[in-house]
Amino acid sequence: HDVSKFVHVPGHLDYILHFASPASPVDYLKIPIQTLKVGSLGTHNLLGLARAKQARILVASTSEVYGDPLVSPQSEDYWGNVNPVGPRGVYDEAKRFQEAITMAYHNAHGLDTRIVRIFNTFGSRMRLNDGRAIPTFIAQAIRGEDITIFGDGSQTRSFCYIDDQIEGIYRLLHSACVTPINIGNPNEISLLQLAHEIVELTDSSSKIVYEPLPVDDPKQRKPDIGLAKSKLAWEPQIDRKTGLKKTIAFYKKIPLNTLSHKDFTYYNQQ
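Just so it is clear: in the sequence shown, position 202 is 202 by our numbering, and no numbers are missing.
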């Protein structure tokens, strides 16, 4: 269903979880207008539905609201450093507007809202052609292909295993927190280090190759999870290496001919 059009759900609703949106650079660069419409019209429609049903609504935002941050780690009171008209702007600004209209509905109508700022997350069943670093690197390593690093690989990310992310979102949904909360793993790693780690864990012979850095690629990303700890009693339980081993085991069960990355249109490793 296209949530940017009219949304009707019959019957009683307790909760609405709004995760609708392209989140991969490969996707939102192909459909920039639709990405903005989902963040604006889609969110407006679902907030209206929540109001009509008197339901609690949780809205999935992103660490991308911080853009290319000038502070580290990023706490919820940091306003960000975003290029609103750059190629990434369609996603970043869609999510920033989404947060703004959600808080407006909360303040103007007393709507029961929650906002989660999701940082980089990984695990089994991730698409292999959406430009995200971990599934890209794993598939390339399993096939013995060159692993592509954009820039010099010094840019950092903080990767949260999916089980931890789900637990954090669940706790937020059932909490009393109406302001945005970061859910992510603050264990930071450079993409070059990540590539070497995946090569080691897959026992691969892949080599590292370098390509030019995309426009507006964030130099680093690291969540401050102080609020999640204090308000939700949440912090990650699964370290990155353990999560990678589980994820690699999943992809090793997939036939190798489904792991090719030759046709990837890559914008940003995130």
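Heads up, the beta-carbon is just placed ideally off N, CA and C, and yes, glycines get one too.
In this structure, DSSP gives GLN34 a helical state, which the three-state scheme calls helix. The beta carbon of SER205 lies closer than 7 Å to those of GLY144 in the same chain, with the five residues before and after it left out. A Cβ-Cβ distance of about 33 Å is found for the pair LYS245 and CYS177, leaving them out of contact under the 8 Å criterion.
The residue from LEU172, LEU201, GLN165 with its alpha-carbon nearest to that of GLY123 is GLN165. Here the alpha carbon of GLN74 sits roughly 5 Å from the alpha carbon of ASP224. Around PHE250, the same chain offers SER124 as residues with beta carbons nearer than 6 Å, after the five sequence neighbours per side are excluded.
Counting C-beta pairs closer than 8 Å gives fewer than three between the region 45–60 and the region 128–145, which falls short of the contact rule.
Taking a C-beta distance under 9 Å as the contact criterion, PRO22 and TYR91 qualify as a contact pair. Of the residues assessed, ILE31 falls on the exposed side of the cut-off, its CB having fewer than 16 other CB atoms within 10 angstroms. Counting C-beta pairs closer than 8 Å gives three or more between the region 145–160 and the region 187–204, which meets the contact rule. Judged by their CB atoms, SER4 and GLN34 are nearer to each other than the 9 Å cut-off.
Here ARG127 is exposed: its Cβ has fewer than 16 other Cβ atoms, across all protein chains shown, within 10 Å.
Between the alpha carbons of PRO212 and LEU17 lies a gap of roughly 37 Å. Separation of the CB atoms of ASP130 and ASP27 is rounded to 7 Å, and the pair is thereby assigned contact status at 8 Å. Look at ILE238 here: in three-state DSSP terms it is coil, with no helix or strand label. Where THR202 is concerned, the enclosing alpha helix (DSSP H) starts and stops at 191–202. Counting only residues of its own chain and dropping the five nearest sequence neighbours on each side, ILE198 has a CB closer than 7 Å to the CB of PHE137, ILE138, ALA141, LEU244. When DSSP states are grouped into helix, strand and coil, ASN187 belongs to the coil group. Counting along the chain, SER158 sits inside the beta strand (DSSP E) bounded by residues 156–158. DSSP places PRO25 in the helix class (H, G or I) of the three-state scheme. Using a 10 angstroms sphere on the CB of TRP234, the tally of other CB atoms reaches 16 or more, which defines it as buried.
Taking the C-beta atoms as reference points, ILE169 is found no nearer than 9 Å to VAL85.
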